[in-house]
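Quick note on our numbering: the sequence shown kicks off at 4 and runs consecutively. Everything below concerns the one structure shown next.
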Amino acid sequence: MTPVTETDTPPLGRLYDVDGRRLMLHRSGNGGPAVVFLPGAGLFGLDYLNMHERVAELTTSVVYDRAGTGWSEPVALPRTAGEVTDELSGLLRAAGVPSPRVLVGHSLGAAYARHYAQRFPDEVAGLLLLDPFHEDMLPRAPQEVREMLELMESRDLPEPTEEQLRVARGQLDEHFAAWPAAVRGPLAARHLASWRTAWQEGLNLHDVVAGEIRRAPAVPGVPTIVISALGHDATQAALWPEHLLRQINDGKRALHAELAASVPRGEHRLLDDAGHGWIHEERPDAVLQAVGDLLRRIGGPA
């Protein structure tokens, strides 16, 4: 095992050995079923810390970093959904997190949460999918969107300028101002040091990961809530012209409704005042309400 240095040590949580790789996991609270957060592309477990602490008042709450992200050991990206879900199952066992669990997946993390439920149905008590990726997003997108995505994915990302890094650091410091002092500095620095991660994680999303989800067994009929974020998102607004963004959101809303309807106890909720990237911070009340609703339906402590 590679020795742990000071810079490798997460400000919260600890590193667990899973199949020869060190992975970060932080848990709080007591009781069950445990709630496990699966971050979106380029996000880390501690990005969900404020939500994690509120959920920990209800039950056991867990945040973690996938390999290649945050404080977990580096790995070549992108990865298959099978690799990610095998890894998470092993990590939760190593950390002694009781099964079955409620999985809270955000964006790419929601795709992994669904695939986890497809592969390990006995380990899942419920699903909360926050503005989830859907395997039919690209096939059903307007032609202009498909062409723009193909162009973006074919280009190398340019190195940021010093000014861009300075602005980004200020934005991160502002965003994490409510985080504990011991966490916000290291968390912002970690984001700046791994700014390519979101792009790298998503490179195989529309072909490999989408194919894995399509070929796997159906998601078990556990209580499921799908939340669509339809409000302003600065990153999305910078990527897409307004007319395309409207079409993307219309298509996303329809796919999310179909996803919720595909399971016996599925529910679809809309948020017009939250964006895709930070739905859990812009509407923490709605996310916490959904977690509590799932716990009550399952018969948990909420």
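We put the beta carbon where it would ideally sit given N, CA and C, even for glycine. Fair warning: this is a prediction, and the values are worked out from it, not measured in the lab.
Count the other CB atoms, across all protein chains shown, that sit within 10 Å of the CB of V100; report buried if there are 16 or more and exposed otherwise.
For the purposes of this step, residue 100 is taken as residue 97 along the sequence shown, with counting starting at 1. V100 should be labelled buried.
On the CB-based measure, 16 or more other CB atoms within 10 Å of its CB, does P244 come out buried or exposed?
Here residue 244 is taken as the residue at index 241 of the sequence shown, counted from 1. When all chains shown are included, P244 counts as exposed.
Provide the residue(s) that pair with Y67 in DSSP beta bridges, ordered along the chain.
Residue mapping note: residue 67 aligns to position 64 of the sequence shown, counting from 1. Paired residue(s): L28.
So L95 and G43 are in contact, right, with Cβ under 8 Å, and what is the actual spacing, rounded?
Position 92 of the sequence shown, counted from the start, is the residue given in the question as residue 95. Position 40 of the sequence shown, counted from the start, is the residue given in the question as residue 43. Actually they do not touch by this definition, with Cβ atoms about 19 Å apart.
Among residues of its own chain, excluding the 5 on either side of Q250, which ones have a beta-carbon nearer than 6 Å to its beta-carbon?
As a position in the sequence shown, residue 250 is number 247, starting the count at 1. Excluding sequence neighbours, Q250 sits near P145.
Who are V212's beta bridge partners in DSSP?
Start at 1 with the first residue of the sequence shown, and residue 212 comes out as number 209. Answer is none; V212 lacks a bridge partner.
Out of P267, A180, L247, point me to the one whose CA is closest to N53's CA.
As a position in the sequence shown, residue 53 is number 50, starting the count at 1. Ranking P267, A180, L247 by Cα distance to N53 puts A180 first.
Apart from the five residues on each side of it in sequence, which residues of its chain come closer than 6 Å, Cβ to Cβ, to V66?
Position 63 of the sequence shown, counted from the first residue, corresponds to residue 66. The answer, listed in chain order, is H29, F40, G48, Y51, H55.
Anyone know if the C-beta pair for P135 and A114 falls short of 9 Å?
To locate residue 135, count along the sequence shown from 1; it is residue 132. To locate residue 114, count along the sequence shown from 1; it is residue 111. For P135 and A114, yes; Cβs fall inside 9 Å.
For M151, which option in R299, L132, V294, L248 has the closest C-alpha, if you only look at C-alpha atoms?
Walking along the sequence shown from the start, residue 151 turns up at place 148. When only C-alpha atoms are compared, the closest one is L248.
For M27 versus G73, is the C-beta spacing smaller than 9 Å?
Here residue 27 refers to the residue found at position 24 of the sequence shown. Here residue 73 refers to the residue found at position 70 of the sequence shown. Going by C-beta atoms, M27 is nearer than 9 Å to G73.
Can you tell me whether V212 is buried or exposed, with buried defined as 16 or more other CB within 10 angstroms of its CB?
Indexing the sequence shown from 1 puts residue 212 at position 209. Buried: at least 16 other Cβ atoms inside 10 Å.
Give the C-beta separation of A97 and V21 to the nearest angstrom, bearing in mind that I take them to be a contact with Cβ-Cβ under 8 Å.
Start at 1 with the first residue of the sequence shown, and residue 97 comes out as number 94. Start at 1 with the first residue of the sequence shown, and residue 21 comes out as number 18. Contact flag correct, Cβ pair sits at about 5 Å.
Determine, using beta carbons only, whether V229 and A260 come nearer to each other than 9 Å.
Position 226 of the sequence shown, counted from the start, is the residue given in the question as residue 229. Position 257 of the sequence shown, counted from the start, is the residue given in the question as residue 260. Result yes, Cβ atoms of V229 and A260 sit closer than 9 Å.
Under the three-state reduction of DSSP, which class applies to E76: helix, strand or coil?
As a position in the sequence shown, residue 76 is number 73, starting the count at 1. Note: E76 maps to coil in three-state DSSP.
Let me know if L160 comes out buried or exposed under the rule of 16 or more other beta-carbons within 10 Å of its beta-carbon.
Taking the first residue of the sequence shown as position 1, residue 160 is located at position 157. L160 should be labelled exposed.
Opposite F40 in the DSSP bridges: which residues?
On the sequence shown, residue 40 is found 37 positions in, with the first residue counted as 1. Answer is V66, V107, bridged to F40.
Indicate the three-state DSSP secondary structure (helix, strand or coil) for L141 in the structure shown.
Within the sequence shown, numbered from 1, the residue matching residue 141 stands at position 138. In this structure, L141 counts as coil in the three-state DSSP scheme.
Just list the residues that DSSP pairs E270 with in beta bridges.
Here residue 270 refers to the residue found at position 267 of the sequence shown. I228, per the DSSP bridge assignment.
Is the separation between the beta-carbon of L91 and that of L130 shorter than 9 Å?
In the sequence shown, the residue the question calls residue 91 occupies position 88. In the sequence shown, the residue the question calls residue 130 occupies position 127. It is not a contact, given that the beta carbons lie outside the stated cut-off.
Taking the beta strand (DSSP E) that L131 belongs to, which residues open and close that run?
One-based indexing of the sequence shown puts residue 131 at position 128. Segment 127-133, the beta strand (DSSP E) holding L131.
If you run the structure through DSSP and keep just helix, strand and coil, what is L291?
Here residue 291 is taken as the residue at index 288 of the sequence shown, counted from 1. DSSP places L291 in helix when its eight states are reduced to three.
Please confirm whether P103 and D89 have their CB atoms less than 9 Å apart.
Numbered from its first residue, the sequence shown carries residue 103 at position 100. Numbered from its first residue, the sequence shown carries residue 89 at position 86. Taking 9 Å as the Cβ cut-off, P103 and D89 do not qualify as a contacting pair.
What residue range does the beta strand (DSSP E) around R17 cover?
If you number the sequence shown from 1, residue 17 lands on position 14. Counting along the chain, the beta strand (DSSP E) containing R17 begins and ends at 17-21.
Residues in the same chain with beta-carbon distance under 8 Å from L168, minus the five sequence neighbours each way, listed in chain order, please.
Residue numbering aside, residue 168 sits at position 165 when the sequence shown is read from its first letter. So the qualifying residues of the chain are L195.
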